[in-house]
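Using the working numbering, the first residue of the first sequence is number 50, and each one after it goes up by one.
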Amino acid sequence: MTDLSRLRDVLRGAKRSGATPMLAPQTPSVDLEAFAAVLGGALEDGPSGPCPVVRWWCGGDAGDAPYGDQLGAASSTISAAGLRALCGSGHEGEPPWSDSDPRSGLLFFDLETTGLSGGSGTVAFVVGFGCFVGSRFHVWQFVLPSFATERRLLAAVTAAVSRAHTLVTFNGKSFDVPFMEMRWLYQRLETPLPALRHVDLLHPARRLWGPETGGLGGLEHRVLGFRRDDDVPGFEIPARYFDYLRSGNPRPLRGVLAHNQLDLVSLGVLTGMACDLVDRGALATGSARQSLGLGRLYARGGREAEALGCYERAVALTSGARRTSKVDAVAVRAEALYRLALACRRQRRHSDAARYWQTLIDLGRRPTGVFEREALRALAVHHEHRLKDPEGALTFARRAYTVEYTAGRRREVQRRLTRLERRLANETN
DNA sequence: GAGACTTGTCGTGATACAGA
DNA sequence: TCTGTATCACGACAAGTCTC
Numbered sequence: 050m051t052d053l054s055r056l057r058d059v060l061r062g063a064k065r066s067g068a069t070p071m072l073a074p075q076t077p078s079v080d081l082e083a084f085a086a087v088l089g090g091a092l093e094d095g096p097s098g099p100c101p102v103v104r105w106w107c108g109g110d111a112g113d114a115p116y117g118d119q120l121g122a123a124s125s126t127i128s129a130a131g132l133r134a135l136c137g138s139g140h141e142g143e144p145p146w147s148d149s150d151p152r153s154g155l156l157f158f159d160l161e162t163t164g165l166s167g168g169s170g171t172v173a174f175v176v177g178f179g180c181f182v183g184s185r186f187h188v189w190q191f192v193l194p195s196f197a198t199e200r201r202l203l204a205a206v207t208a209a210v211s212r213a214h215t216l217v218t219f220n221g222k223s224f225d226v227p228f229m230e231m232r233w234l235y236q237r238l239e240t241p242l243p244a245l246r247h248v249d250l251l252h253p254a255r256r257l258w259g260p261e262t263g264g265l266g267g268l269e270h271r272v273l274g275f276r277r278d279d280d281v282p283g284f285e286i287p288a289r290y291f292d293y294l295r296s297g298n299p300r301p302l303r304g305v306l307a308h309n310q311l312d313l314v315s316l317g318v319l320t321g322m323a324c325d326l327v328d329r330g331a332l333a334t335g336s337a338r339q340s341l342g343l344g345r346l347y348a349r350g351g352r353e354a355e356a357l358g359c360y361e362r363a364v365a366l367t368s369g370a371r372r373t374s375k376v377d378a379v380a381v382r383a384e385a386l387y388r389l390a391l392a393c394r395r396q397r398r399h400s401d402a403a404r405y406w407q408t409l410i411d412l413g414r415r416p417t418g419v420f421e422r423e424a425l426r427a428l429a430v431h432h433e434h435r436l437k438d439p440e441g442a443l444t445f446a447r448r449a450y451t452v453e454y455t456a457g458r459r460r461e462v463q464r465r466l467t468r469l470e471r472r473l474a475n476e477t478n
């Protein structure tokens, strides 16, 4: 059990027993109105008292528009089907997104915290939300003026998410959501998050735009063509908050709020682009790798036919790729052929599967990867049991034996070799 | 008809990566 | 620096089919 898990258990137990909160609410010693004003925000009433909130609009005719037309386009391409695909598995019941307005109840969510560890001394001092309103994007940020006002901020955040049904985050499954749940537990408050659907864009984005996304900033640069000027780097964010606590001057937090605003807008634009790809299908993809990634996204959502279409397009887009070609193109082609062959085998289309396995072998890659090893094994099975061709089966089994390196798999291939050699010896006698 | 085989699924462990 | 997630590789197992 990890330290964090133990702490969660202790807190849950204390909550059940009705223990008093560890941090009793205290009167903030800072001037809340002045704090909010320096950050460009205002005090807004919340369920447990006034809380500093900074509001910001972009797109349309108001405010800045860091992504220009891309923002308006993203607003119109968010779709119920796209969100369903991005959400993946693990959600029961009817999806909450309405086909007529899938953006309704959709909340983009991002935190700025005093550290990564999630321990009792680490808090979220900016809780940012974003949503599309027409073609514009609205960001509102709850800011923590002192540790003593955390319960007030959490109550305001609970009220904000109560009107939503879906959160969209980047890496939120690992960071933002568990972090906030921990804070609610710590303050003996009910967490509202388990009731919400959650789209964590990190994993679909890696499928659609490559595994080396380089985080949200990398995606902004590579996919949206946007580079931030004067952005506050992540590692500097906790230090800025601690400086504010020491000096009482909130001015350095403005950069942190701007960083959070851009994170939220980027999340909105990328979500729209991902939905657009899902809705338009294989033909909308710009590269073989993207076709492959979209296919995997469809496959996870049970959309097998569309997944097959994407794999076929990935194969078509890499039709000239051979061992001497760019490594990436050959690797993409190999994986697309592997997934096509597996899908055909599941559908009992064995001759189609064999064709894809054979094309995979013909790529000429050294058969040390899982795709090639599986292809050799599958072709040995196909020749032995369906084509009734023990000599062909023996050829593939011998090649398979040379590339299998685990004891179990080698034993399996050895059994096949022994059987085939015995059968061929019987036939010649 | 018993045992071998194929196929698909599930669980586990290792690894990479993202967040401030 | 820590943690959760996804992915991959692997082994174990169950169900159905095939072979001798």
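Even for Gly, the Cβ is constructed at its ideal location relative to N, Cα and C. Bear in mind the structure is a predicted one, so any value in this text is a computation, not a measurement.
Taking all protein chains shown into account, do 16 or more other C-beta atoms lie within 10 angstroms of the C-beta of residue i, making it buried, or fewer, making it exposed?
{"i": "Phe181", "result": "buried"}
{"i": "Ser124", "result": "buried"}
{"i": "Asp150", "result": "exposed"}
{"i": "Gly386", "result": "Note that residue 386 is Leu in the sequence shown here, rather than Gly. Classification of Leu386: buried, given that the 10 Å Cβ count is 16 or more."}
{"i": "Val176", "result": "buried"}
{"i": "Asp278", "result": "exposed"}
{"i": "Gln339", "result": "buried"}
{"i": "Gly108", "result": "buried"}
{"i": "Leu343", "result": "buried"}
In terms of residues, what are the limits of the alpha helix (DSSP H) holding residue i?
{"i": "Trp406", "result": "His399 to Asp411"}
{"i": "Asp292", "result": "Ile286 to Ser296"}
{"i": "Arg185", "result": "Per DSSP, Arg185 belongs to no alpha helix (DSSP H); it is in the beta strand (DSSP E), Arg185 to Val192."}
{"i": "Arg426", "result": "Val419 to Val430"}
{"i": "Val364", "result": "Glu353 to Leu366"}
{"i": "Ala348", "result": "Ala337 to Arg349"}
{"i": "Glu269", "result": "Gly264 to Val272"}
{"i": "Thr126", "result": "Asp118 to Thr126"}
Considering only the alpha carbon of each residue, which of the options lies closest to residue i?
{"i": "Trp106", "options": "Gly90, Arg185, Ala383 and His431", "result": "Arg185"}
{"i": "Thr467", "options": "Gly457, Val452 and Arg447", "result": "Arg447"}
{"i": "Glu285", "options": "Gly297, Arg303 and Gly274", "result": "Arg303"}
{"i": "Ile410", "options": "Val379, Phe228 and Leu257", "result": "Val379"}
{"i": "Gly183", "options": "Gly317, Arg349, Lys437 and Val364", "result": "Gly317"}
{"i": "Phe158", "options": "Trp189, Ala134, Arg435 and Cys136", "result": "Trp189"}
{"i": "Arg458", "options": "Leu343, Ala427, Arg435 and His431", "result": "Ala427"}
{"i": "Ser128", "options": "Asp148, Tyr116 and Gly358", "result": "Asp148"}
{"i": "Gln119", "options": "Leu234, Val272 and Leu346", "result": "Val272"}
{"i": "Leu436", "options": "Val462, Arg404, Gln463 and Gly418", "result": "Arg404"}
{"i": "His399", "options": "Glu384, Ala383, Gly264 and Val430", "result": "Val430"}
{"i": "Ala337", "options": "Leu366, Gly350, Arg352 and Glu355", "result": "Leu366"}
{"i": "Arg382", "options": "Ala402, Arg295 and Tyr360", "result": "Tyr360"}
{"i": "Val102", "options": "Arg395, Gly121, Leu135 and His187", "result": "His187"}
{"i": "Leu156", "options": "Leu412, Arg246 and Ala348", "result": "Arg246"}
So for residue i, helix, strand or coil by DSSP?
{"i": "Pro101", "result": "strand"}
{"i": "Trp233", "result": "helix"}
{"i": "Arg435", "result": "helix"}
{"i": "Arg201", "result": "helix"}
{"i": "Thr467", "result": "helix"}
{"i": "Leu250", "result": "coil"}
{"i": "Leu135", "result": "helix"}
{"i": "Leu245", "result": "coil"}
{"i": "Val226", "result": "helix"}
{"i": "Gly304", "result": "helix"}
{"i": "Trp106", "result": "strand"}
{"i": "Val206", "result": "helix"}
{"i": "Phe445", "result": "helix"}
{"i": "Val281", "result": "coil"}
{"i": "Trp146", "result": "coil"}
{"i": "Glu440", "result": "helix"}
{"i": "Gly170", "result": "coil"}
Leaving out five residues before and five after residue i in sequence, what residues of the same chain have Cβ atoms less than 8 angstroms from its Cβ?
{"i": "Glu199", "result": "Leu72, Val172, Leu193, Arg232 and Gln236"}
{"i": "Thr126", "result": "Gly321, Met322, Cys324, Asp325 and Asp328"}
{"i": "Ala208", "result": "Gly95 and Pro96"}
{"i": "Arg276", "result": "Glu269 and His270"}
{"i": "Val9", "result": "No answer is possible for residue 9: the residues shown for the chain start at 50 and end at 478."}
Ignore the nearest five residues each way along the sequence and tell me which others in residue i's own chain have a CB closer than 6 angstroms to its CB.
{"i": "Leu238", "result": "Leu203"}
{"i": "Phe224", "result": "none"}
{"i": "Ala205", "result": "Gly95, Cys100 and Phe191"}
{"i": "Ala213", "result": "Gly154 and Leu156"}
Using a Cβ-Cβ cutoff of less than 7 angstroms, which residues in the same chain neighbour residue i once the five nearest sequence positions on both sides are dropped?
{"i": "Pro299", "result": "Phe84, Val87, Leu88 and Tyr293"}
{"i": "Leu469", "result": "Glu433, Pro439, Ala442, Leu443 and Ala446"}
{"i": "Pro77", "result": "The predicted model places Pro77 with a pLDDT of 46, which falls under 50 and marks its position as unreliable; any figure quoted below should be read in that light. Excluding sequence neighbours, Pro77 sits near Pro194, Ser195, Ala197 and Thr198."}
{"i": "Pro99", "result": "Leu81, Leu92 and Glu93"}
{"i": "Ala130", "result": "Val327 and Asp328"}
{"i": "Glu353", "result": "Ala392"}
If I follow the unbroken beta strand (DSSP E) through residue i, where does it start and stop?
{"i": "Glu93", "result": "Ala91 to Glu93"}
{"i": "Val217", "result": "Thr215 to Thr218"}
{"i": "Asp480", "result": "Beyond the ends of the chain as shown, which are 50 and 478, falls residue 480; an answer cannot be given."}
{"i": "Asp159", "result": "Leu155 to Thr162"}
{"i": "Val175", "result": "Ala173 to Val182"}
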